[in-house]
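Residue numbers (the UniProt record's numbering): 1 to 569.
Okay, here's the thing in structure tokens:
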């Protein structure tokens, strides 16, 4: 019965051992699961940050584009997405610290506690088994001694009844039987005591020790289950805590898309690229069949003198922007170049009329009337390779804006430097009143440097203000001259201008000589290449835009940067 009881206990012990180990394995599996989830979140956040960094704009040109609502909204979307990535990283961090780290510590405690309880149960079982073995040993000894005593008693009785036995033999047999009986009685008492002890230990084992150990294991397993359940809930709660911020990020993305104003973007683009140039005047008809007639004054027919640029029909220009129009040509009809009441001359003249006019005079008139306009069209195609300090390479409106922006920057820097100078002077006064606080002479280098910076900034401010006033005055003079001419769109085939330009280049005479200081590669349309030290003939001087037209010794003519040459005395 006792052996069967121990076997039943062993079965329960093994079942409890397997069940508790299975629970610990589940906790460990859940920890690994959360770790892999955090790795996924961190990888996702890292990829999102790389994505936002890849598409985020950097540099001055990108900052200019961000002034448009559609560009700026995209940057806001990238910022919100970057914040969203930060929340994913926060989820991963909280899961790692709140679940993985805490559960790992708790798992180690559970393992140690389980090991202790199972060890106590094993010791109690081993103690009971040892007591049972001792009981069996005393029982066997008692059985053996009792059998020997019974045998000795029977031998004494047989000897006593034997007529041939002597008295000494009888006494000896009785003494031996008495001794064996006494030993059997002692074994019997030992067996009874050991049995009583074992029963007591068995009751203690089954009614006290083992139930307590199993209750502790049950409590441990229930605490494990409850802590694991909290970990399950925590897995969701951690993400719920950041959902409001994630929702704000998503709302920010929606708001960035909703606040885009396409009309405002168009107006901003117009303001940024408004040139301030007036529209070109009409090309007037020159009647060479009626003899030599003086052409109109150079002031009205030579737009390059006032640098009034025409509509850019070159392939390099996609759009023309004026001070009062953009994207579409004027809707009004251009004024007629003929006086009221007169009849326009025919476009095709009889050959007899042309034969009566000297060819050289016709060429001269064509050169005076057509070629200046061809030069004006070339101005539109000249590349801007040299950036002038006074921004003279820009159109009037853009130049004024850049000059004003430069003045604002210098003013801010000047104010900052002035505040720094005032602070140094105050500190010097404090040092003079309280020498223990510092040496006033130690501030002299900083005060001197600050004063020099203030003088430099004031000089730059005066320089840019002068350029701004010149730009405003120059624009007014240009507008005055252009307002005296007719405003119309020029729509002449480009090949006609090229033909005249190539055919009558030899009519215009150079106005000066210059020497190339640097080598220039004229890769753009309208420019030519020059070599360092080359002697060039000036065909058209710089009109303030940083370019001049020159003629090479091989007959090649085109535009070059004015700063690349030195004028001959």
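Cβ atoms here follow ideal geometry from the backbone N, Cα and C, with glycine treated the same way.
Query, Result
"Close-in-space but distant-in-sequence residues of the same chain around residue 49 (CB under 8 Å, 5 per side omitted)", "82, 85"
"Distance, residue 127 Cα to residue 161 Cα", "51 Å"
"Neighbourhood of residue 259 by C-beta distance below 7 Å, restricted to the same chain and skipping five residues each side", "69, 73"
"Supposed contact pair residue 78 and residue 52 - C-beta distance, whole angstroms, cut 8 Å", "4 Å"
"Alpha carbon of residue 12 to alpha carbon of residue 110, nearest angstrom", "20 Å"
"Burial state of residue 391 (16 or more Cβ within 10 Å)", "buried"
"For residue 516, the three-state DSSP class (helix, strand or coil)", "strand"
"Helix, strand or coil at residue 376 according to DSSP, with G and I counted as helix", "Note on residue 376: pLDDT 45, under 50, position unreliable in the model; no value is reported."
"Close-in-space but distant-in-sequence residues of the same chain around residue 238 (CB under 7 Å, 5 per side omitted)", "91, 94, 95, 98"
"The beta strand (DSSP E) enclosing residue 558, as first and last residue numbers", "557 to 561"
"Residue 402 vs residue 394 beta-carbon contact at 9 Å", "yes"
"Extent of the continuous beta strand (DSSP E) to which residue 537 belongs", "535 to 540"
"C-beta atoms of residue 143 and residue 156 nearer than 9 Å", "no"
"Nearest-angstrom Cα separation, counted from residue 198 out to residue 14", "24 Å"
"Rounded Cβ spacing between residue 537 and residue 513 (contact assumed at less than 8 Å)", "6 Å"
"Cβ-Cβ separation, residue 531 to residue 516 (assumed contact under 8 Å), whole Å", "6 Å"
"Inter-residue spacing [alpha-carbon to alpha-carbon] between residue 171 and residue 201", "45 Å"
"DSSP beta-bridge partners of residue 227", "Its beta-bridge partners do not exist; DSSP assigns none."
"Residue 235 versus residue 43 - alpha carbon distance", "18 Å"
"Alpha carbon of residue 45 to alpha carbon of residue 243, nearest angstrom", "15 Å"
"Residue environment, residue 80, which counts as buried when at least 16 other CB atoms sit within 10 Å", "buried"
"Range covered by the beta strand (DSSP E) that runs through residue 549", "547 to 551"
"Local Cβ density within 10 Å of residue 417, reported as buried at 16 or more and exposed below that", "buried"
"CA-to-CA distance, residue 149 to residue 178, given in whole angstroms", "8 Å"
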